[in-house]
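Data first, discussion second: the structure below is written as structure tokens.
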Amino acid sequence: MPRAAANAKPIEPQHEPPAEVLAAYHAHQARTGRGNTAFTYWAKTFLRRWPVVRAWEHEPLAVQLTANSGTRPFITFLLVTGRLHPGWEYLVHRKFSSIWRDVPGTRIGEDLDAFITAARSCGYSERVASAMASQVIARVLFATGKPLSDLSHDDFDALAVAGLARQAATGRTWKHYRATATGAKTVLYHLGVLPALPEPFEQRWPFARRLAHVPEPMHAILVRYLQHKSVTCRPATVSSLATRLAAFGAYLADTDPDAIPATLDRCAHIEPWMASLTTAANTKSGGLLSVPEQARRILAVANFLTEITEWDWPEAPTRRLMFPSDNPRLPQPLPRFLPPDADRRLTEALEASPHRLAADALLLQRACGLRIGELLDLELDAVIDLPGSGSWLKVPLGKLDTERMVPIDTQVLALIDRITTHRSPGRPIPHPRTGRPADFLFTAHGHRIGQNRLRKELDRAAKSAGIGHVTPHQLRHTYATALVNAGVSLQALMAILGHVSAEMSLRYGHLFDTTVRAEYERALELAKQTIGALPNPNETTRGGDEDDWRATATVKTALAGGYCLRAPAQGPCSYANICEHCPSFHTTASYLPVLTAQRDDAEALVEDATTRGWDAETERHLRLINRLTTLIDDAATRPTAM
6 MPRAAANAKP IEPQHEPPAE VLAAYHAHQA RTGRGNTAFT YWAKTFLRRW
56 PVVRAWEHEP LAVQLTANSG TRPFITFLLV TGRLHPGWEY LVHRKFSSIW
106 RDVPGTRIGE DLDAFITAAR SCGYSERVAS AMASQVIARV LFATGKPLSD
156 LSHDDFDALA VAGLARQAAT GRTWKHYRAT ATGAKTVLYH LGVLPALPEP
206 FEQRWPFARR LAHVPEPMHA ILVRYLQHKS VTCRPATVSS LATRLAAFGA
256 YLADTDPDAI PATLDRCAHI EPWMASLTTA ANTKSGGLLS VPEQARRILA
306 VANFLTEITE WDWPEAPTRR LMFPSDNPRL PQPLPRFLPP DADRRLTEAL
356 EASPHRLAAD ALLLQRACGL RIGELLDLEL DAVIDLPGSG SWLKVPLGKL
406 DTERMVPIDT QVLALIDRIT THRSPGRPIP HPRTGRPADF LFTAHGHRIG
456 QNRLRKELDR AAKSAGIGHV TPHQLRHTYA TALVNAGVSL QALMAILGHV
506 SAEMSLRYGH LFDTTVRAEY ERALELAKQT IGALPNPNET TRGGDEDDWR
556 ATATVKTALA GGYCLRAPAQ GPCSYANICE HCPSFHTTAS YLPVLTAQRD
606 DAEALVEDAT TRGWDAETER HLRLINRLTT LIDDAATRPT AM
């Protein structure tokens, strides 16, 4: 294995006689409470062979690793006291399990303590901070002989080279140390030691590699096209484009390996390829490609052919090959908002989450209707107070490259204040798109948190709430739906959501068309009169089971001022008992009789729903009972105003 030369140093003249080194070792043992005659014997043996201790650094790795259990403590002493600076090769092969017993009272010990303090301020746990210090920082300090404040990115690069060489030679992975080194460099950035954050691990392969299966000359044409698109499009956009063009190239590789755009024929190439999309497999899900993905692939190829024709590339087609009618008709689903009950349960799960930063980020997204990218781009100065106009949240450039202002209330302000207490402080972080320093609102462990962390937290909260899978964008849909239900104007909805066309906002208006609702209620009333499905509330009494509304074969809801009856086909109202469950709902002792009567009705409904086998109804009424019990207990213990 070649020796890493980044820290190679010539043998220095002897500064300490062996006797002085041995005396210092004895003092170190006394300070750390370790040592015995065997340790002394092996230390003397080492000094007899290498009276100039730095000469040991230039021995072959095999010789260095032959040190026994008596010699290794002496070598560790030489390391922590700065008397020895071995090569990276030795340091990545050697374990330092007892290092914390040897560093007290040394300069390296002081540096490690300073590093751990900085790591804790970035939000790392004591265990993780100590692991970064012992596994990475200690090795870098041993190798370079520098103080912590003088370390550079080059020092960590040399460690990575040695670690990867060890992995290639022994098969022992370097993945864990690579991740630990990234965290260590992040801490040193916020400590002011390193000038920049570590480069993120590049997960996207170069275009040439991603299209390696496409034969020449089509391979070179596609790579050139993607490189040109990288000038005007975002990296994520070009990456998606590369995936779809790679699939098109793979089809041509199987059917006509010599094809280029100029030789493509609609009947021989384009139409068979579009037909193959209907049976193509989705490599992620294992099923077939969705219709929207088929449309995206067709659009990607059509734009590729059109644009290289406009740019007058010599390889461009000689005639138009694809047309708007080639795009499959896309489904037009309505925005997938959360019903009020599911929205409430998810909010409760997020409020109770132990993962406060991610949970609060999702609560803020729900409270302001932000896209997830806009949410994570928020900065500490995003809140703007305008005299006479309240507080506003400045939403940065997002999907449509537009900024906007969203009005917020005192509850959102309190949520943002709570977020600032859980974020990790530190130096501004370069913006991933512009490179300018930015104080992001959502930072953890010295980095801006990523979308995957929020998605995992949302999955956990949704599972806890028992509402199935939820996506972050559904929180935006739920926010917009609530505004529409409250009667917000189209212009205001467009401004708040950041829509650039009325068509985008009108999708929410279609959810709750008042004309459709009026016609539905008229028809339902006629149906009730025809089949006599529901009793007339004005004719029921609470005297007997035959006339008791609580025993009817309907979906029933107990309300404080009455009750609600719905046909079983309708299911329960989405707003059933929403006020009682709302955190803004308050009551007093004067309402105890009303609340107690409502709870009695709910208990009867539990028995009725259980008898009918309506498990979901039983659970719904039990939740109401639990909530009413809490309200009754609170009202009963609250002192009466005089």
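Just so you know, we're using the working numbering here: the sequence shown kicks off at 6 and counts up by one.
The beta carbon of each residue, even a glycine, is placed where N, CA and C say it ideally should be.
These numbers come from a predicted model, not from an experiment.
With 16 other Cβ atoms within 10 Å as the buried cut-off, status of residue i
i	result
residue 544	Its pLDDT being 48, under 50, residue 544 is placed unreliably in this model, and the value from its coordinates should be taken loosely. Exposed, by the Cβ-count rule.
residue 582	buried
residue 498	buried
residue 148	buried
residue 79	buried
residue 634	exposed
residue 316	exposed
residue 587	exposed
residue 462	buried
residue 278	buried
residue 289	exposed
residue 328	exposed
Cα-Cα separation between residue i and residue j, rounded to whole angstroms
i	j	result
residue 537	residue 486	For residue 537, the predicted model reports a pLDDT of 48, less than 50, meaning its position is unreliable and no value from the coordinates is stated.
residue 250	residue 227	7 Å
residue 501	residue 164	50 Å
residue 143	residue 469	42 Å
residue 135	residue 74	24 Å
residue 506	residue 260	43 Å
residue 614	residue 555	10 Å
residue 570	residue 493	30 Å
residue 137	residue 95	19 Å
residue 607	residue 601	10 Å
residue 669	residue 356	The displayed coordinates of the chain run from 6 to 647. Any statement about residue 669 would go beyond what the structure contains.
residue 301	residue 434	34 Å
residue 47	residue 40	11 Å
residue 170	residue 386	46 Å
residue 262	residue 216	13 Å
residue 371	residue 352	9 Å
residue 400	residue 436	15 Å
residue 295	residue 643	57 Å
residue 568	residue 562	6 Å
residue 616	residue 560	13 Å
Run of the alpha helix (DSSP H) containing residue i, from where it starts to where it stops
i	result
residue 596	Where residue 596 is concerned, there is no enclosing alpha helix (DSSP H), given that its DSSP letter is neither H nor E.
residue 466	456-470
residue 412	Premise fails: residue 412 lies in the beta strand (DSSP E), 409-413, not in any alpha helix (DSSP H).
residue 162	158-175
residue 120	112-126
residue 93	93-98
residue 714	Lying outside 6 to 647, the shown extent of the chain, residue 714 is not represented and no answer is given.
residue 44	42-54
residue 141	Segment: none, residue 141 is in no alpha helix (DSSP H) and carries neither H nor E.
residue 228	223-237
residue 360	Here residue 360 belongs to no alpha helix (DSSP H), and DSSP marks it neither H nor E.
residue 327	Neither: residue 327 is in no alpha helix (DSSP H) and is coded neither H nor E.
residue 30	23-37
C-beta contact flag for residue i and residue j at 9 Å
i	j	result
residue 151	residue 160	yes
residue 30	residue 42	no
residue 592	residue 638	no
residue 503	residue 128	no
residue 346	residue 579	yes
residue 364	residue 454	no
residue 146	residue 193	no
residue 421	residue 369	yes
residue 650	residue 257	As shown, the chain starts at 6 and ends at 647. That puts residue 650 outside it, with no answer to give.
residue 512	residue 375	no
residue 70	residue 113	no
residue 472	residue 610	no
residue 323	residue 267	yes
residue 101	residue 139	yes
N-terminal and C-terminal residue of the beta strand (DSSP E) that residue i is part of
i	result
residue 396	395-400
residue 570	567-571
residue 491	Careful: residue 491 lies outside any beta strand (DSSP E) and carries neither H nor E.
residue 561	560-564
residue 391	388-391
Contact test: residue i Cβ vs the ligand GDP heavy atom, cutoff 8 Å
i	result
residue 226	The ligand content of the structure shown is nil, which means the ligand GDP is not present either.
Is the stretch 46-56 in contact with the stretch 87-106, if contact means three or more CB pairs nearer than 8 Å?
no
Check whether the stretch 306-321 and the stretch 351-367 touch, using three or more Cβ-Cβ pairs below 8 Å as the test.
Flag = no, the stretch 306-321 and the stretch 351-367 do not touch.
Would the stretch 378-394 count as touching the stretch 443-451 if we require 3 or more Cβ pairs under 8 Å?
yes
Is the stretch 414-426 in contact with the stretch 468-483, if contact means three or more CB pairs nearer than 8 Å?
No, they do not touch.
I want to know whether the stretch 219-235 touches the stretch 268-281 - three or more CB-CB distances under 8 Å.
No, because fewer than three Cβ pairs between the stretch 219-235 and the stretch 268-281 fall closer than 8 Å, the two stretches do not touch.
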